[in-house]
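Asks: Those protein sequence lines, which keep their order, are chains A and B. Here the working numbering is used: the first residue of the first sequence is 1, the next is one more, and so on. Here the working numbering is used: the first residue of the second sequence is 1001, the next is one more, and so on. Glycine is no exception: its CB is placed at the ideal position from the N, C-alpha and C atoms. Could you have a look at this structure, given as structure tokens, before my questions?
2 protein chains.
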Amino acid sequence: MTSGMDSVETHLAEVLAAIRPLQPARLDLAAAEGAVLAEAATAAGPLPPFDNASMDGYAVHASDVAVASADAPVTLPLTDQIPAGDGRALTLAPGTCVRIMTGALLPGGADAVVPVEWTNGSRERVLFYQPVPKGNAVRRQGDDVTAGAELLPAGTRLGPAQIALLAASGHGSALVRAAPRVAVIGTGNELSEPGSPLSPGRIWDSNSYMLAAAVRKAGGVAERHRVGDDPSAVLAVIEEQAAAADLLITSGGVSMGGEHDVVKAALSGHAAVTFRKVAMQPGMPQGIGAVGDGLTPILTLPGNPVSAFVSFCLFGLPALDALVGLPPRALRRTRAELTAPVRSPEGKRSYLRGVLDERAGTVAPFTGQGSHQLGALALANALIVVPEPVVSMEAGEAADVMSLP
Amino acid sequence: MTSGMDSVETHLAEVLAAIRPLQPARLDLAAAEGAVLAEAATAAGPLPPFDNASMDGYAVHASDVAVASADAPVTLPLTDQIPAGDGRALTLAPGTCVRIMTGALLPGGADAVVPVEWTNGSRERVLFYQPVPKGNAVRRQGDDVTAGAELLPAGTRLGPAQIALLAASGHGSALVRAAPRVAVIGTGNELSEPGSPLSPGRIWDSNSYMLAAAVRKAGGVAERHRVGDDPSAVLAVIEEQAAAADLLITSGGVSMGGEHDVVKAALSGHAAVTFRKVAMQPGMPQGIGAVGDGLTPILTLPGNPVSAFVSFCLFGLPALDALVGLPPRALRRTRAELTAPVRSPEGKRSYLRGVLDERAGTVAPFTGQGSHQLGALALANALIVVPEPVVSMEAGEAADVMSLP
């Protein structure tokens, strides 16, 4: 590692140390999608809530049809029919049967459901052509979840199946850490809005769009802001957003150089923000700290778009996870054979853009590896990780590869 | 495969055949996140738009400092400074230098940027201690993307990096197939709203929550509806939603049995909807077709929650992809060693819930494999796929495993 620089791990540890999990909030189920349980969810009652039929058929006392056969069917009079949702407290008299639908409450005394195919399908006097095992086509109360059981542990991210389980157990809401609200703040006098004409010396802003999209894709709520190279204006936006958001992510203005490093200049009075060089490429200049009365965490990412993107993957995603009380999500890692040689500066860990072909076990690095070169990034599906001491790798060598989220 | 049933592949083919890609629409960049390009995006101009500095330093004529050394530095007077965003059309006079910031427009004539560390850092008379290669720290106009080049092909899903590339190239909007609007329609008299008290014989609705969450997670826009076991009411909701949505997904009411199969009953007059048994478990009863004047595709999924979930993975996700003009996304497939035996009905392909441990190369099937058992589904991360002819597999055998989305 180059002297005067910190490792990726050191910076990540400081990022995580700067973040406290959000206050839990009770959200309606639909609003809780993608959020993270702040406490274990338990079942107030059993699931299913009552014995019920797992298919359409006839509810019987199994003993009544024990001697049934195709040659000598047993005949039982049909006394009722029970559709799903029927709440009557029925009891099945011995020597009778009822028609019952999938999901319907099994009448008292009944201990099996006979498929229609094993009968003559009558609506009056039903002929049973074979015996039925006790418990056939019956779902017992609580055979999915028993009353009081833990449904999901704290820390569970609520995807479709988890939402379904909560709903099925009657939970109309859940205590969760919700999607973090992230203020994305792009800086730079050179930035123009995409879709507007471009005057000389200026470029279209891409970082604020990219980072906001990345936050949303990762499950956060993002708001874009853009501000010029005026430290007091930048500070004003930062302070305003510190009060409104759970995390601030800036891009640009953190180089090692001069008076034009506007984010550094804006935060120069804030002892709680640390700027450092991280031994990585792209993405060397990084900052982490807290701003505002609520000590809202702020990540200051470099301004080159590829640097900002890689930095978000390494530090922004873990920050979002920490806000909802989770350890950093693991980006999928694999090893793959390089299809072309790569270079890396000594003492820095490189994250080179490439196309991973998992089936072939290969990864093809792009030629355009400049930290401004979005063209390659937009076609990449993986980052090739070249360790700090390594300055070059040959085609055919196996490299560490990290899939892009 | 059991006779009278169709294969998963046959049904999937009919699902895909029922769907035409959505009409493309031009969306603002932020609204286009996650949407799919309906045409290739091209670069109107080069990217970067102009030669610029890749770091803070001094712009020079490289030939002016060719003989510089630490012992005999070359001195050049500083004539200007150029911050990023500065649009002046400057020319660098031979024998002079200018201070230049990262991203700033390189003045005419200059052919290299010298890092501050190679100089005395002066703001007036700058001492250069070493020569600089031509092109040093200069990003050439178009070295990321040339004017007129294809940025992204049609069919690209717009993630953060793709949004960034479009933005950087000045695109304020994109012609895309947007997130499909999906009407999720749960059916059944037995369904109660989670959070409300449960009367006898009823259960809390989970399918509409689950399917809506699954649609949203897959990039669609979902609206939940619920309707009782009244064919005319079901038909009314279907017809209303056919006019409003791009895809209808129902759950329940498609069993093989009686008059209580409300979705079947509601659509009985619709020749354009086909109901069939698919040789899979869970999820045998399926339907696909088109409803309404616009022939809106409709997927009728079974009502057991696990059946509905598995059906959505197999048929719903491909339907959503087809709506945006893409081939079905590939769920990650792998092979893993069973930690416990599993059973499967002959002639049906089973999709059993399990926990895949990729590192260990194992998959642990749950004991609760009933199609109503959400408890196991909510803890699963994978489906174990047991082929149609296989009725049992032993612990230690290698099984096909499909990761859940």
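So residue 186/A is in the beta strand (DSSP E); what residue range does that whole segment cover?
Replies: 181 to 187
Asks: Considering Cα atoms alone, identify which of 1291/B, 1262/B, 1285/B is closest to residue 1273/B.
Replies: 1291/B
Asks: Measuring straight from C-alpha to C-alpha, what distance separates residue 192/A and residue 203/A?
Replies: 6 Å
Asks: Going by the beta-carbon positions, is the gap between residue 1043/B and residue 1151/B smaller than 7 Å?
Replies: yes
Asks: Which residues in chain B have a C-beta closer than 8 Å to the C-beta of residue 165/A? List them in chain order.
Replies: 1206, 1374, 1375, 1377, 1378
Asks: What are the boundary residues of the alpha helix (DSSP H) that residue 239/A is part of?
Replies: 231 to 244
Asks: According to the Cβ coordinates, are residue 47/A and residue 144/A closer than 7 Å?
Replies: yes
Asks: Would you call the region 1382 to 1395 of chain B in contact with the region 1335 to 1344 of chain B, where contact means no fewer than 3 C-beta pairs closer than 8 Å?
Replies: Verdict: yes, contact present.
Asks: Three or more beta-carbon pairs under 8 Å between the region 1094 to 1105 of chain B and the region 1074 to 1082 of chain B, yes or no?
Replies: yes
Asks: Quick check on residue 1255/B - is its C-beta less than 7 Å from some C-beta in chain A?
Replies: yes
Asks: What residues are listed by DSSP as bridge partners for residue 1097/B?
Replies: 1078/B
Asks: Going along chain A in order, which residues have a C-beta closer than 9 Å to the C-beta of residue 1250/B?
Replies: Per Cβ cutoff of 9 Å: no residues; residue 1250/B is ~15 Å from chain A at best.
Asks: Which ranges would you report for the beta strand (DSSP E) in the region 155 to 222 of chain A if only whole runs of at least 3 residues count?
Replies: 173 to 177, 181 to 187
Asks: From the DSSP output, read off the bridge partner residues of residue 333/A.
Replies: 402/A
Asks: Rank 1378/B, 1060/B, 1394/B, 1009/B by C-alpha distance to the C-alpha of residue 1116/B and give the top, closest one.
Replies: The shortest C-alpha separation from residue 1116/B is found at 1060/B.
Asks: Mind listing, in chain order, the continuous beta strand (DSSP E) runs of no fewer than 3 residues lying wholly within the region 1100 to 1126 of chain B?
Replies: You should have 1112 to 1115.
Asks: The beta strand (DSSP E) with residue 275/A in it runs from where to where?
Replies: 273 to 277
Asks: Is it buried or exposed, residue 293/A, if we count other Cβ atoms within 10 angstroms and call 16 or more buried?
Replies: exposed
Asks: Compute the beta-carbon to beta-carbon distance between residue 1113/B and residue 1138/B, rounded to the nearest angstrom, for a pair I have assumed lies under 8 Å.
Replies: That pair is a contact at about 6 Å.
Asks: Going along the chain, which unbroken runs of the alpha helix (DSSP H) with 4 or more residues stay wholly within the region 251 to 325 of chain A?
Replies: 262 to 266, 305 to 311, 317 to 323
Asks: Output, in chain order, the set of chain A residues within a Cβ distance shorter than 7 Å of residue 1276/B.
Replies: Under a criterion of Cβ atoms nearer than 7 Å, no residue of chain A is adjacent to residue 1276/B; the nearest Cβ is some 17 Å distant.
Asks: For residue 487/A, return the contacting residues in chain B, with the cut-off set at a CB-CB distance below 9 Å.
Replies: The displayed coordinates of chain A run from 1 to 405. Any statement about residue 487/A would go beyond what the structure contains.
Asks: Give the interface partners of residue 1309/B over in chain A, defined as CB-CB distance under 9 Å, in chain order.
Replies: 160, 161, 164
Asks: Kindly indicate if chain B contains any beta-carbon less than 7 Å away from that of residue 200/A.
Replies: Closer than 7 Å: yes.
Asks: Once you ignore the five residues that flank residue 1383/B on each side, which residues in its own chain have a CB closer than 6 Å to its CB?
Replies: 1351, 1402
Asks: Residue range of the alpha helix (DSSP H) that residue 14/A falls in?
Replies: 8 to 17
Asks: How would you label residue 1302/B, buried or exposed, when you count the other beta carbons within 10 angstroms and need 16 or more for buried?
Replies: buried
Asks: Over what stretch of residues does the beta strand (DSSP E) that includes residue 1025/B continue unbroken?
Replies: 1025 to 1028
Asks: Could you pull the DSSP bridge partners for residue 351/A from this structure?
Replies: 385/A
Asks: 7 Å is my cut-off, CB to CB: does residue 1189/B come that close to chain A?
Replies: yes
Asks: Can you grab the Cα-Cα spacing for the pair residue 176/A / residue 1251/B, in whole Å?
Replies: 28 Å
Asks: Count the other CB atoms, across all protein chains shown, that sit within 10 Å of the CB of residue 1200/B; report buried if there are 16 or more and exposed otherwise.
Replies: exposed
Asks: With 7 Å set as the bound, which would you pick, yes or no: does the beta-carbon of residue 37/A sit closer than that to a beta-carbon of chain B?
Replies: no
Asks: Per DSSP, what kind of secondary structure is residue 357/A in: helix, strand or coil?
Replies: Strand at residue 357/A.
Asks: So what does DSSP say about residue 59/A, is it helix, strand or coil?
Replies: Looking at residue 59/A - three-state DSSP - the assignment turns out to be strand.
Asks: With 16 as the cutoff for other CB atoms within 10 Å, does residue 1134/B come out buried or exposed?
Replies: Result: exposed.
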